[in-house]
Amino acid sequence: MNDKIIQQYKILSDDMRFYADQRFKIVSVYMVINGFLINVISKETVIYLAIIGLALSFLCFCWEIRTKLWWGTLIEQAKYIETKYKEDLEEVYLMYPTQKKPNGFEKLSIFNPSKVVSLIYLIGGFSYLIYILRYFRICSYFI
């Protein structure tokens, strides 16, 4: 029975690692491209770069919302495995002494990675939107 649990957890953890790796790569590339675009825009008035930046922020934000659903599916699968094989998991935890159960503090963390990444994309998108509005002198009274 332990081999079956370990195999299911291994498949699940591989999927979680894949999604975490993809999130890291996309956030890193977004930050580099965003920094480049803002650096160029700050020196010259180039509206099409601001539009590209706004589109990139929107695309990355939509991707993050979609990935959040995938993460939810993986977490639900992990919860199902834990409830189904609760007794056997104690033996599995004892097999790997470095493995620890999440404590209450880790479960109550307010810094949800999905919310933080979404906030990064939204801040970038709003900064480009404000730049575009100022460029076309729309709402210049408020901004």
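In this text, residue positions in the sequence shown follow our numbering: the first is 325, and each later residue adds one.
Here a beta-carbon is modelled for each residue, glycine too, at the ideal position from N, C-alpha and C.
Asked                                                                                                                                                : Found
Going straight from the alpha carbon of I405 to that of D338, what length do you get?                                                                : 15 Å
If you pair each beta-carbon of the segment 444-453 with each one of the segment 395-405, do three or more pairs fall below 8 Å?                     : no
Report the rounded CA-to-CA distance for I365 versus Q331, giving the unit in angstroms.                                                             : 51 Å
Report yes if the C-beta of F382 is less than 7 Å from at least one heavy atom of the ligand ADP; otherwise report no.                               : For the ligand ADP, the structure offers nothing, since it holds no ligand at all.
So what's R341 in DSSP terms, helix, strand or just coil?                                                                                            : helix
If we count the other Cβ atoms within 10 Å of its Cβ and call it buried at 16 or more, is S352 buried or exposed?                                    : exposed
Taking just the CA atoms, how far does L418 sit from D412?                                                                                           : 10 Å
Note down the Cα distance separating A379 from V370, rounded to an integer number of angstroms.                                                      : 15 Å
Among the candidates N363, V441, F360, whose CA atom is the shortest distance from the CA of K392?                                                   : V441
Can you grab the Cα-Cα spacing for the pair L457 / E414, in whole Å?                                                                                 : 58 Å
Tell me where the alpha helix (DSSP H) around F385 begins and ends.                                                                                  : 371-408
Quick one: Cα of Y409 to Cα of I329, how far?                                                                                                        : 8 Å
Who are the near neighbours of S438 in its chain, counting only those whose CB is closer than 8 Å to its CB and skipping five residues on each side? : E388, T391, K392, W395
Is DSSP giving I330 helix, strand or coil here?                                                                                                      : helix
Quick check on DSSP: helix, strand or coil for R458?                                                                                                 : helix
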